[in-house]
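Data block below; observations after.
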Amino acid sequence: MRNFDETTITDAVLERVKAAKNDRIRQVSEALVRHLHAFIREIEPTQAEWEAGIDFLTRTGQMCDDKRQEFILLSDTLGVSMLVDAMNHRTPAGATETTVLGPFYVQRAPEHPLGADISGPIEGTPLLVTGTVSTAECEPLAGAIIDVWHSDDDGYYDVQQLDEIGEFAMRARFRTDENGRFWFWSIRPAAYPIPHDGPVGKMLEAQGRHPWRPAHVHFMIAAPGHRTLVTHVFAADDQYLDTDVVFGVKDSLIREFACMPAGTAADGREMRRPYHHLNYDFGLKADTDARRAEERAA
Ligand code: BEZ
Ligand code: FE
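If you number the sequence shown the way numbering that gives the first Met the number 0 does, the last residue is 297 and the count never jumps.
Structure below.
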């Protein structure tokens with residue numbers, strides 16, 4: 000087959016990828032070709048526009064290293080990460096809704112005892128975080144592992160200032176107590192712009208969009224027999240809740256970071272100055288596949 004033109008090229012490519020031995024690869028390849036060709040037919044790029052598109056993807060790849068993943072940022076800002084997340088986490092009643100992981104998660108963050116202050120050398124308005132972890136049926140989950148991480152009140156994570164502060168801060172692991180409860184102290188996070196000094200930042204600018212995320216605290220919660228929950232809790236008074244650059248906000252994940260006067264806090268700590276209090280009760284979805292594997296192994 001040769002002499003392809005606008006009317007025959009799509010079918011020719013579709014015919015060629017049918018050779019894939021793996022069914023899923025064939026399905027994905029066919030859909031990719033169909034949608035990509037439809038996109039090109041719709042926008043009819045000039046040769047210069049095609050080159051600019053290739054250059055954009057090249058610069059996106061070149062921006063990636065072990066600290067910066069510009070392709071995930073592209074997926075996040077085009078709503079693809081939240082679409083994939085939504086399709087993979089259709090949550091039953093009682094289970095907390097999920098949202099994007101983001102680039103600032105660190106595996107094996109230091110574990111702290113319940114009640115610890117994890118703000119380290121970072122200053123800000125004190126924030127008490129309390130809550131519970133339960134099954135979707137409201138049974139408390141003891142010993143669940145909670146990873147938390149958030150930005151400071153200038154919108155920077157510890158990993159963006161490690162050279163200056165020299166240690167992890169506003170990031171820790173906790174284990175829930177026998178009643179599924181957890182509590183810790185940190186500082187109130189602020190809204191922040193996602194890294195926008197690369198091709199994704201240029202794209203946002205060209206699309207007339209801002210790069211901001213509303214203030215939030217990230218949580219990753221794991222317990223045996225349950226699907227690991229990746230989510231955040233957003234501050235109810237934030238100006239970016241409706242325009243989050245990565246489309247991650249859900250009503251069920253918004254809470255007041257309540258202003259509290261000086262005095263005895265909910266965990267018994269004496270506070271000499273006002274602080275904020277965030278409470279969230281999480282529900283984890285049962286992982287039926289993991290349960291079956293555990294039962295088989297027992
Ligand atoms: C974050 O919340 O940490 C985040 C999520 C997606 C892109 C950039 C940052
Ligand atoms: Fe974040």
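Positions of the beta carbon are idealized from the N, C-alpha and C atoms, including for glycine. Nothing here was measured: the structure is a model prediction, and the numbers come from that model.
Looking only at its chain, what residues have a beta carbon closer than 8 Å to the beta carbon of residue i, apart from the 5 residues adjacent to it on each side?
{"i": "Met259", "result": "Leu127, Met270, Pro273, Tyr274, His275 and His276"}
{"i": "Asp286", "result": "Gly224, His225 and Arg226"}
{"i": "Ala19", "result": "Arg25 and Ser28"}
{"i": "Ala257", "result": "His275, His276 and Leu277"}
{"i": "Val232", "result": "His215, Val216, Phe218, Leu252, Ile253, Arg254, Leu277 and Tyr279"}
State the DSSP-derived secondary structure class of residue i, mapped to helix, strand or coil.
{"i": "Gly267", "result": "coil"}
{"i": "Gly119", "result": "coil"}
{"i": "Arg174", "result": "strand"}
{"i": "Asp162", "result": "helix"}
{"i": "Asn278", "result": "strand"}
{"i": "Pro125", "result": "strand"}
{"i": "Val12", "result": "helix"}
{"i": "Leu252", "result": "helix"}
{"i": "Met202", "result": "helix"}
{"i": "Ile186", "result": "strand"}
{"i": "Val105", "result": "coil"}
{"i": "Gly197", "result": "coil"}
Out of curiosity, what's the CA-to-CA distance linking residue i and residue j?
{"i": "Gly247", "j": "Ser80", "result": "9 Å"}
{"i": "Arg25", "j": "Asp250", "result": "38 Å"}
{"i": "Val244", "j": "Gly52", "result": "22 Å"}
{"i": "Glu163", "j": "Val83", "result": "36 Å"}
{"i": "Val32", "j": "Ala11", "result": "10 Å"}
{"i": "Thr134", "j": "Ile145", "result": "14 Å"}
{"i": "Glu122", "j": "Ala297", "result": "48 Å"}
{"i": "Ile71", "j": "Asp64", "result": "12 Å"}
{"i": "Phe3", "j": "Asp75", "result": "36 Å"}
{"i": "Gly142", "j": "Glu177", "result": "7 Å"}
{"i": "Glu43", "j": "Tyr155", "result": "41 Å"}
{"i": "Gly165", "j": "Glu48", "result": "45 Å"}
{"i": "Phe38", "j": "Ile186", "result": "46 Å"}
{"i": "Lys17", "j": "Glu50", "result": "29 Å"}
{"i": "Phe167", "j": "Val99", "result": "21 Å"}
{"i": "Asp236", "j": "Thr242", "result": "13 Å"}
{"i": "Arg268", "j": "Ala261", "result": "10 Å"}
{"i": "Lys201", "j": "Pro213", "result": "20 Å"}
{"i": "Phe351", "j": "His34", "result": "For the chain, the structure presents residues 0 to 297; residue 351 sits outside this window and is missing."}
{"i": "Ala234", "j": "Thr124", "result": "14 Å"}
Do residue i and ligand 2 come close, with the Cβ less than 7 Å from some heavy atom?
{"i": "Gly154", "result": "no"}
{"i": "Phe103", "result": "yes"}
{"i": "Ser150", "result": "yes"}
{"i": "His36", "result": "no"}
{"i": "His217", "result": "yes"}
Residue i and residue j: beta carbons closer than 8 Å?
{"i": "Trp148", "j": "Met169", "result": "yes"}
{"i": "Phe281", "j": "Gly130", "result": "yes"}
{"i": "His215", "j": "Leu203", "result": "no"}
{"i": "Phe173", "j": "His111", "result": "yes"}
{"i": "Glu96", "j": "Thr263", "result": "no"}
{"i": "Leu228", "j": "Thr175", "result": "no"}
{"i": "Asp152", "j": "Ala205", "result": "no"}
{"i": "Ala171", "j": "Ile117", "result": "yes"}
{"i": "His36", "j": "Thr7", "result": "no"}
{"i": "Val132", "j": "Gly179", "result": "yes"}
Does ligand 1 have a heavy atom nearer than 7 Å to the CB of residue i?
{"i": "Ile193", "result": "yes"}
{"i": "Leu72", "result": "yes"}
{"i": "Asp75", "result": "yes"}
{"i": "Arg212", "result": "yes"}
{"i": "Val99", "result": "yes"}
{"i": "Val245", "result": "yes"}
For residue i, which residues from the same chain have a beta carbon less than 7 Å from its beta carbon, with the 5 sequence-adjacent residues on both sides left out?
{"i": "Gly114", "result": "Trp182, Phe183 and Asp266"}
{"i": "Ala284", "result": "According to the sequence provided, residue 284 is Lys. The question's Ala does not apply to it. Thr90, Pro91, Ala94, Ala135, His225 and Arg226."}
{"i": "Met62", "result": "Glu69, Gly197 and Pro198"}
{"i": "Val158", "result": "Phe103 and Val105"}
{"i": "Met0", "result": "Ala11"}
{"i": "Leu73", "result": "Thr59 and Val199"}
Ignore the nearest five residues each way along the sequence and tell me which others in residue i's own chain have a CB closer than 6 Å to its CB.
{"i": "Pro192", "result": "Pro210 and Trp211"}
{"i": "Gly78", "result": "Phe246"}
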